[in-house]
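K.L.:
Numbering (this note's numbering), first residue to last: 111 to 236.
#1: Going by Cα to Cα distance, which pick from 143, 156, 142 and 188 is closest to residue 126?
#2: Bridge partners of residue 155, per DSSP?
#3: Would you kindly work out how many angstroms separate the C-alpha atoms of residue 182 and residue 152, rounded to a whole number?
#4: For the 8 Å Cβ check, are there 3 or more pairs between the segment 187-194 and the segment 156-169?
#5: Could you give the distance in angstroms between the alpha-carbon of residue 130 and the alpha-carbon of residue 178?
#6: Suppose you measure from the CA of residue 208 to the CA of residue 184; what does that come to, to the nearest Å?
Set out below in structure tokens:
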């Protein structure tokens, strides 16, 4: 974990599932997005960062994404709030209550499993 983030009060709003080894693999933009997200929705439990199994070209492998479980609001509200954060490129939600957010270059929103996803793409002005 970066020293500047460790000293930040937003760290108190983050817990991790055991398989998540911290935030060291994430890019500074992703950490900034997490700070803004927790300031707006409250505590989260991060379930995935850079490790694990993801789609072949996943933003997770680039240090641009997290999956999380919101602890003080609904997944639907967490996804809606995430879409309002300027740094966020992708927002997805799963039927099991997890939410995906990334700072990738493409704006994308989706819901559900691979075969039943509803996608919305838009180019980013970056």
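Every residue, glycine too, gets a C-beta built ideally from N, C-alpha and C. This structure is a prediction, so every number in the text was calculated from the model and none was measured.
P.N.:
Working from what's here:
#1: The residue you call residue 126 lines up with position 16 of the chain shown. When only C-alpha atoms are compared, the closest one is 156.
#2: By one-based count along the chain shown, residue 155 stands at place 45. Residue 155 is bridged to 125 and 179.
#3: For this step, residue 182 is matched to residue 72 along the chain shown. For this step, residue 152 is matched to residue 42 along the chain shown. C-alpha separation (whole angstroms): 6 Å.
#4: Too few Cβ pairs lie closer than 8 Å, so no.
#5: Here residue 130 refers to the residue found at position 20 of the chain shown. Here residue 178 refers to the residue found at position 68 of the chain shown. Near 11 Å, if we compare the C-alpha coordinates of residue 178 and residue 130.
#6: Walking along the chain shown from the start, residue 208 turns up at place 98. Walking along the chain shown from the start, residue 184 turns up at place 74. Approximately 10 Å, taken between the alpha carbons.
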